[in-house]
Every structure is written in structure tokens, then in C-alpha cells.
Ligand SMILES: NC(=O)c1ccc[n+]([C@@H]2O[C@H](COP(=O)([O-])OP(=O)(O)OC[C@H]3O[C@@H](n4cnc5c(N)ncnc54)[C@H](OP(=O)(O)O)[C@@H]3O)[C@@H](O)[C@H]2O)c1
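In the working numbering, the protein residues as written are 344 to 668.
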């Protein structure tokens with residue numbers, strides 16, 4: 344099969360090679376046992392894939408390896424008792440190995456895909472939308488009627504967070520850095536859009552936020568805390584801004600603020616049952632028309648370096664996708 348490997352840790356420009364590899368066996372996965380073997384139609388590209396080309400992501404497989412954490416395609420084989428069968432159309436989170444014509448994912452991370460979503464949207468479903476739901480509900484304890492501030496709102500996690508929050512009856516304020524990104528955040532359903540510069544004052548004028556979802560970090564962290572209403576929750580999701588923020592914890596006393604981490608992958612692996620719960624909740628939001636992954640730039644498998652550079656250069660909006668077949 345055709346696949347892309349990371350062969351050296353030199354960044355998106357030069358780390359990848361297109362290779363011909365044997366197809367993976369059903370037990371070729373991070374988790375023990377047999378998984379679901381999927382004929383990959385589309386593969387999602389994410390920020391961690393960029394970090395992996397530099398050896399900067401927390402999970403560092405031995406070189407060479409096939410990156411790519413999520414795919415959409417058709418089940419070729421599935422383990423007994425998984426509830427899946429050959430021919431099913433699915434979205435799956437495979438951790439690595441997704442930038443290839445065949446990938447293997449654990450059954451608990453493989454979800455039947457309805458006809459509401461196409462393959463490219465399916466390739467943008469699991470990582471971003473499970474993370475969004477987990478961050479908003481499991482960690483952020485979002486209630487209908489509350490206001491959610493979303494950083495990086497035109498990105499993969501950001502657009503997913505807006506859609507899930509809206510579907511759960513919340514009001515959303517998106518934070519973006521450009522006009523183009525404002526349009527994407529609005530297309531995702533944001534009620535209000537503000538610019539990164541001066542966002543705290545703009546959000547305060549809009550009545551403040553009850554929950555902040557922060558995939559960006561960096562120097563905006565303290566202003567995010569200041570944007571929260573009493574008993575607000577700031578959910579730490581990622582650090583695309585580069586710097587890992589520090590907080591003076593006296594701030595947390597002033598208005599009973601919580602800062603909570605949301606590490607979806609760690610939680611999903613150690614509590615496999617939550618994946619079915621979140622999957623069912625998302626199916627409801629898909630059926631209700633709230634969840635529609637926003638697909639951004641699309642590339643052929645062999646052009647994955649361009650896909651990674653679009654993310655690295657901060658120019659990508661929505662979900663970046665590789666069309667595999
Ligand atoms: N905790 C979890 O379980 C979990 C799960 C999935 C992803 N993540 C993390 O969440 C983060 C976001 O992922 P994503 O897929 O949404 O990324 P993305 O689509 O590339 O969007 C990230 C957004 O971050 C903002 N940003 C600010 N400074 C940036 C910089 N220097 N370089 C690039 N972007 C910058 C950009 O928005 P503006 O230009 O508008 O500021 C961009 O739209 C990543 O760190 C990822 O690792 C965490």
C-alpha cells in the first residue's frame with residue numbers, strides 16, 4: 344500500500360517520504376488485541392502531526408513511522424463483538440498510521456458514519472469533536488444557557504467547539520486573528536466574534552464567559568482568566584501559541600475560578616466506555632444538524648508536506664484533510 348512515513352525529525356518540509364509498505368495486520372496498533380482494519384478514503388491532519396515531524400509531540404514512536412491519527416473509510420474487517428462489520432462506513436481514531444491506504448484502529452475508537460457527513464468531514468470528526476465535547480461537558484461542566492469563549496476559533500478544535508457548544512444550548516464568543524478566520528468562526532455558528540488583541544475588554548462588554556476553551560495558551564492566558572464570570576472554568580486544551588502559560592493562583596480565589604486540564608487521548612484510553620457515550624451524544628448533534636465538520640484545505644496523500652505547512656504557518660482554517668483514495 345502507499346503510505347507516508349516520518350523518516351527524520353526535520354520538520355514538515357523534509358521529514359516525510361512516500362513509501363510502499365505491506366498492509367498492516369489487525370493487531371498493528373498502540374492498544375493490545377485486534378482492531379478494525381479500515382480502507383482509508385480520507386485522513387485528517389492535525390497540529391500534533393506537525394509536532395511529530397520535529398519530535399516535539401509527547402508521543403514519540405521509533406523512526407520510521409506512519410503518522411496520521413484519524414481516518415474515514417470503509418471497514419475491511421472488524422473483531423467479533425465490536426458491533427462493526429466489513430463494508431461499514433466509519434470514522435476512526437488510529438493514533439498513528441492514518442496517512443496510508445489501510446489503517447487499523449481500536450474498536451472503541453471506531454464510529455459508524457451516517458450519510459449526513461462525507462469522507463472528508465468524517466476524517467475531521469473524532470479528534471476534534473470528541474475533544475470538544477470532552478472539554479466542554481466532561482471537564483468544563485457546561486450548562487445550557489452559559490457563555491463559552493473559544494480561542495483558536497477558526498481551527499479544527501475551535502470550529503468543533505463552537506458547533507458542539509451551540510448544539511448544547513450555549514452562547515459562543517469566538518476569538519480569532521484575521522477577517523478570514525472571523526468568517527470561518529461565523530460559518531461554524533459563533534454568536535459573537537472578537538479579535539485576539541483586546542479580547543478581554545470585548546468579552547467583558549459582551550457579559551463575560553462562564554467557560555473558556557483554550558487550545559492556544561501563550562500570553563493570552565491571564566486575560567482569559569480575567570474574562571471569566573464568577574465560578575467560571577478555564578479548560579486547558581493545547582498550546583498552539585507555543586508558550587506554556589503560568590498562572591498566579593491568587594487569581595483563582597478572587598472569583599472562585601477553576602483551571603482544568605482536558606487531555607482527551609489519555610482519558611479516552613483509560614476510560615474506553617466514555618467513547619461510546621460521547622459518540623452517541625455526537626450522533627445526536629449530527630442528526631440535529633449542529634455538527635458539520637468544516638473542511639479546510641484538502642491535499643493528495645503525496646502532498647502531505649503542504650498540508651502540514653498550512654497548519655504550521657497558521658494559515659489553515661477548519662480541518663485539513665488528505666484525500667487518500
Ligand atoms: N487536549 C486534547 O485532548 C487535544 C486534542 C486535540 C487537539 N489538541 C491541541 O489543540 C490545539 C489546537 O489544535 P487544532 O487542530 O485546532 O489546530 P489548528 O486547526 O491549527 O488551529 C489552531 C489555532 O491556534 C491559533 N494560533 C495561535 N497562535 C498560533 C501559532 N503560533 N501557530 C499556529 N496556530 C496558532 C490559530 O488561531 P488564530 O490565528 O485565530 O489565533 C489557529 O487557528 C493543538 O495544540 C492540539 O495539539 C488537544
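Think of the CB as a built atom: it goes at the ideal place given N, C-alpha and C, for glycine as much as any other residue.
Computed from a predicted structure; not experimentally measured.
Identity of the residue in the options nearest residue i by Cα
i, options, result
"residue 604", "643, 588, 373", "588"
"residue 344", "376, 543, 409", "409"
"residue 596", "606, 573, 609", "573"
"residue 447", "388, 483, 432, 366", "366"
"residue 454", "578, 599, 582, 624", "624"
"residue 594", "609, 565, 611", "565"
"residue 485", "553, 582, 592", "553"
"residue 393", "649, 666, 667, 668", "649"
"residue 571", "602, 560, 471, 442", "602"
"residue 355", "511, 646, 668, 522", "646"
"residue 436", "457, 385, 399, 423", "385"
"residue 582", "374, 399, 371", "399"
"residue 511", "383, 371, 633, 651", "633"
"residue 677", "608, 629, 422", "The requested residue 677 does not occur in the structure, where the chain is confined to residues 344 to 668."
"residue 418", "411, 380, 405", "380"
"residue 698", "520, 539, 503", "No answer is possible for residue 698: the residues shown for the chain start at 344 and end at 668."
"residue 532", "491, 474, 560, 520", "491"
"residue 514", "535, 353, 495, 612", "535"
"residue 473", "421, 606, 644, 362", "606"
"residue 421", "368, 441, 348", "368"
Residue i in three-state terms, based on DSSP
i, result
"residue 371", "coil"
"residue 390", "helix"
"residue 471", "helix"
"residue 490", "strand"
"residue 462", "helix"
"residue 548", "helix"
"residue 351", "coil"
"residue 451", "helix"
"residue 408", "strand"
"residue 534", "coil"
"residue 602", "strand"
"residue 642", "strand"
"residue 423", "coil"
"residue 413", "strand"
"residue 556", "strand"
"residue 654", "helix"
"residue 617", "helix"
"residue 566", "helix"
"residue 477", "helix"
"residue 504", "helix"
"residue 429", "coil"
"residue 527", "helix"
"residue 436", "strand"
"residue 356", "coil"
"residue 596", "helix"
"residue 577", "strand"
Short Cβ contact (8 Å threshold) for residue i with residue j
i, j, result
"residue 508", "residue 527", "no"
"residue 350", "residue 407", "yes"
"residue 639", "residue 656", "no"
"residue 493", "residue 518", "yes"
"residue 546", "residue 505", "no"
"residue 415", "residue 465", "yes"
"residue 590", "residue 558", "no"
"residue 636", "residue 451", "no"
"residue 629", "residue 459", "yes"
"residue 439", "residue 412", "yes"
"residue 388", "residue 443", "no"
"residue 653", "residue 667", "no"
"residue 396", "residue 568", "no"
"residue 359", "residue 346", "no"
Residue i, buried or exposed, once every other Cβ within 10 Å from all chains shown has been counted against 16
i, result
"residue 555", "buried"
"residue 618", "buried"
"residue 462", "buried"
"residue 431", "buried"
"residue 403", "exposed"
"residue 658", "exposed"
"residue 433", "buried"
"residue 585", "exposed"
"residue 592", "exposed"
"residue 599", "exposed"
"residue 489", "buried"
"residue 541", "exposed"
"residue 622", "buried"
Q | Residues near ligand 1, criterion Cβ-heavy atom distance below 6 Å | A | Those residues, listed in chain order, are 389, 390, 391, 470, 474, 495, 497, 498, 499, 500, 501, 519, 520, 524, 539, 558, 559, 580, 581, 582, 583, 584, 585, 605, 606, 607, 608, 654, 657, 659.
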